[in-house]
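Asker: Next up is a structure, given as structure tokens.
2 protein chains.
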Amino acid sequence: MSGWSAFQSMPMLAHPNAVLPMTYCVGLMLESGLVMVGDTRTNAGVDNIATFRKLQITEVPGERVIAIATAGNLAVTQSVVSHITEGMTMADGTRHTLHTAPSMFELAQFVGRAVRHVADRDSEALHQDGGRFDCSLLVGGQIAGGPPRLFMIYRAGNFVEATQDTPYLQIGEHKYGKPILDRAVTYDTPLNEALKLALISMDSTIRSNLAVGLPVDAVVVPRDALAASVNVRIGQDDAYFESVRHAWSDALREAHQHIPNPPYGA
Amino acid sequence: MSGWSAFQSMPMLAHPNAVLPMTYCVGLMLESGLVMVGDTRTNAGVDNIATFRKLQITEVPGERVIAIATAGNLAVTQSVVSHITEGMTMADGTRHTLHTAPSMFELAQFVGRAVRHVADRDSEALHQDGGRFDCSLLVGGQIAGGPPRLFMIYRAGNFVEATQDTPYLQIGEHKYGKPILDRAVTYDTPLNEALKLALISMDSTIRSNLAVGLPVDAVVVPRDALAASVNVRIGQDDAYFESVRHAWSDALREAHQHIPNPPYGA
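Here is the structure:
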């Protein structure tokens, strides 16, 4: 209802190049490793909805495992991913890809450079069209010789990193799925429980924002394994996710019934 | 963390005239009557926070009871409230206030006119200052001879009304407090339980958005009573609200523990 109201009173925001959160991806960087979950729904207006993978994984077993999730304008994020996959020529004439980055920190800088490269190419045209350049990415993984790390790259190409104090990062529609993460996730949460919590967080978001939808991609990368232990697409027919949806909805409904009514005398 | 990140990457949004949700008010129009809850925190940037009442009630016992909640630019919303309280002269030369409106529908139109009046005065100057004209209001209550009704007035002065299908309306930071309403509120929810649910919804919002804060004002207007049965300010020292906060947080934390871990083999 609020979403509909917002469209009604702010018709500009319905423009396909406008900035409405229509993706949800979350990454958790824990003591035991990395968990990343992303939805696949994209839209250019509510009348044009399609499925695109937003969470992509690159593995060279024993050497590097990198998961990248994207949010924002699909034309922008696809270009960024193509640049870091196909490679970009740097100022010194060398050519880099996500396979050549010597560390996760170097990789985050490289992805930031790719974002700026696409911004240089597209942002003026997007602005002329009444939209704006918009994208954000989660870049997580581990490269042999270094620890697993998780970064969030902004549309300006700058980035922040998950820490022990705040071990998760979100892109896109982050609000609905944040309360469960804030209350239940800590740095020492085991990987399997963390995946469950990420899926509950995703379910809360799907329940409240039509622009976020199944199927969902989920990746788990245990620390120092240098390979994914889970790399799964969860669709409508996934019995476990279906049971999470029902159990969480029932739990929320029941939780308030144990709280007494107010004493103010209604 | 996400809020901080957003500020970092979008410095424009930190402008005091920018549109960041920094209020939460909710109204529920039920079979048994009306519940409205609003916070009191206002800010001009995160370094300038103050307390202003956003939920105001006007009672003429036996004749009309009207509750108005506001969100958006404080200079705008205070002007709108002053206009509808002091009165505005219409095109036909008559002068109207919220005391002269013959029905809740007429009142909603009158408030919409006040919004447009302030927009005519201020929106160009706000735009010049890098901000934008922004406000929204909830107008709920009952006027003798008609049923209780609840409207949400947009910054364009147009409005929608709560219905039996969707018996609640929110303004400001609506996302964090929406899941509990979606799952637990129906048109036949009793007033006292509805007040509890509105307070849980407020607590979820306060927990996740620093720009929404105590004290909270709460009003309950039973159908056909033509007077408020609850009109209370809930502060830091309110034992019931404190117990709600703890109970709800514990319930959320515990809820996920009853859901099994995923079978994908992390």
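Just so you know, the sequences run in chain order F and V. Residue numbers for the first sequence follow this note's numbering, so the first one is 4 and each next one is one higher. Residue numbers for the second sequence follow this note's numbering, so the first one is 4 and each next one is one higher. Heads up, the beta-carbon is just placed ideally off N, CA and C, and yes, glycines get one too.
1. Tell me, please, whether the CB atom of A78 (chain V) is closer than 7 Å to any CB atom in chain F?
2. What residue ranges within the region 39-90 of chain V form continuous beta strand (DSSP E) runs of no fewer than 3 residues, ordered along the chain?
3. Which residue wins for smallest C-alpha separation from L58 (chain V), given the options V:N195, V:V235, V:A165?
4. Under 7 Å between C-beta atoms, does I209 (chain F) make it to chain A?
5. Have a look at S139 (chain F) and V79 (chain F) and give me their C-alpha separation to the nearest angstrom.
6. Counting beta carbon pairs with one atom in the region 67-86 of chain F and one in the region 243-250 of chain F, are three or more of them shorter than 8 Å?
7. Could you tell me whether any Cβ in chain F is nearer than 7 Å to the Cβ of A250 (chain V)?
8. Taking the alpha helix (DSSP H) that D206 (chain F) belongs to, which residues open and close that run?
9. Is the distance from the Cβ of V142 (chain V) to the Cβ of A111 (chain V) below 7 Å?
10. Name the residue from V:A53, V:T88, V:V223 whose alpha carbon lies nearest to the alpha carbon of L194 (chain V).
11. Among residues of its own chain, excluding the 5 on either side of S204 (chain V), which ones have a beta-carbon nearer than 7 Å to its beta-carbon?
12. Give me the subset of the region 204-229 of chain V whose CB atoms are less than 8 Å from a CB atom of chain F, sorted by chain position.
13. So, V118 (chain V) versus E176 (chain V), is the Cβ gap smaller than 7 Å?
14. Classify D253 (chain F) as helix, strand or coil using the three-state DSSP reduction.
15. Hey, how far is the Cα of A159 (chain F) from the Cα of N76 (chain F)?
16. Considering only their Cβ atoms, is the gap separating A187 (chain F) from H259 (chain V) smaller than 7 Å?
17. Using the Cβ count rule (16 or more neighbours within 10 Å means buried), how would you classify A53 (chain F)?
18. Would the beta-carbon of G90 (chain V) fall within 7 Å of that of I156 (chain V)?
19. Which of helix, strand or coil does DSSP assign to M15 (chain V)?
20. By the criterion of Cβ-Cβ separation under 8 Å, what are the contact partners of G268 (chain F) in chain V?
21. Can you list, in chain order, the residues of the region 47-81 of chain F whose Cβ is nearer than 7 Å to any Cβ on chain V?
22. With 16 as the cutoff for other CB atoms within 10 Å, does T26 (chain F) come out buried or exposed?
23. Are the beta-carbon atoms belonging to A201 (chain F) and V68 (chain F) less than 7 Å from one another?
24. Counting C-beta neighbours from all protein chains within 10 Å, is the total for M93 (chain V) 16 or more, i.e. buried, or is it exposed?
Answerer: Quick answer:
1. Working through the second sequence from its first residue, we reach residue 78 (chain V) at position 75. No, because no Cβ of chain F sits closer than 7 Å to the Cβ of A78 (chain V).
2. 44-46, 52-54, 58-63, 67-75
3. Walking along the second sequence from the start, residue 58 (chain V) turns up at place 55. Residue V:V235 is the option with its Cα nearest to L58 (chain V).
4. No chain A appears in this structure, whose protein chains are F and V.
5. Looking up residue 139 (chain F) in the first sequence gives position 136. Looking up residue 79 (chain F) in the first sequence gives position 76. One C-alpha to the other measures close to 10 Å.
6. no
7. Within the second sequence, residue 250 (chain V) is the residue found at index 247, counting from 1. Interface residue, yes.
8. For the purposes of this step, residue 206 (chain F) is identified with residue 203 of the first sequence, where counting begins at 1. 194-211 is the extent of the alpha helix (DSSP H) around D206 (chain F).
9. Looking up residue 142 (chain V) in the second sequence gives position 139. Looking up residue 111 (chain V) in the second sequence gives position 108. Yes, the Cβ-Cβ distance between V142 (chain V) and A111 (chain V) is below 7 Å.
10. Sequence index remark: in the second sequence, residue 194 (chain V) carries index 191 (1-based). Answer by Cα proximity: V:V223.
11. In the second sequence, the residue the question calls residue 204 (chain V) occupies position 201. For S204 (chain V), where only same-chain residues beyond five positions count, the Cβ hits under 7 Å are V29, G180, I183, L184.
12. S207, R210, S211, A221, V223, P225
13. For the purposes of this step, residue 118 (chain V) is taken as the residue at position 115 of the second sequence. For the purposes of this step, residue 176 (chain V) is taken as the residue at position 173 of the second sequence. Taking 7 Å as the Cβ cut-off, V118 (chain V) and E176 (chain V) do not qualify as a contacting pair.
14. The residue you call residue 253 (chain F) lines up with position 250 of the first sequence. Reduced to three states, the DSSP call for D253 (chain F) is helix.
15. Within the first sequence, the letter at position 156 stands for residue 159 (chain F). Within the first sequence, the letter at position 73 stands for residue 76 (chain F). Each residue's Cα considered, the two are about 14 Å apart.
16. Here residue 259 (chain V) corresponds to residue number 256 of the second sequence, with the count starting at 1. Here residue 187 (chain F) corresponds to residue number 184 of the first sequence, with the count starting at 1. Contact: yes.
17. Position 50 of the first sequence holds residue 53 (chain F). A53 (chain F) is exposed by the Cβ-count criterion.
18. By one-based count along the second sequence, residue 90 (chain V) stands at place 87. By one-based count along the second sequence, residue 156 (chain V) stands at place 153. No, the pair does not count as a contact, with Cβ atoms beyond the cut-off.
19. Walking along the second sequence from the start, residue 15 (chain V) turns up at place 12. At M15 (chain V) the pLDDT is 31, less than 50, meaning the model places this residue with poor confidence; the figure from the coordinates comes in the next sentence. Three-state DSSP puts M15 (chain V) in a helix.
20. Taking the first residue of the first sequence as position 1, residue 268 (chain F) is located at position 265. What G268 (chain F) touches in chain V: S232, V233.
21. none
22. Translated into positions along the first sequence, residue 26 (chain F) becomes position 23. T26 (chain F) should be labelled buried.
23. Here residue 201 (chain F) refers to the residue found at position 198 when the first sequence is read from its first residue. Here residue 68 (chain F) refers to the residue found at position 65 when the first sequence is read from its first residue. No, these two residues do not count as a Cβ contact at 7 Å.
24. The residue labelled residue 93 (chain V) in the question sits at position 90 within the second sequence. It is exposed - the Cβ of M93 (chain V) has fewer than 16 other Cβ atoms within 10 Å.
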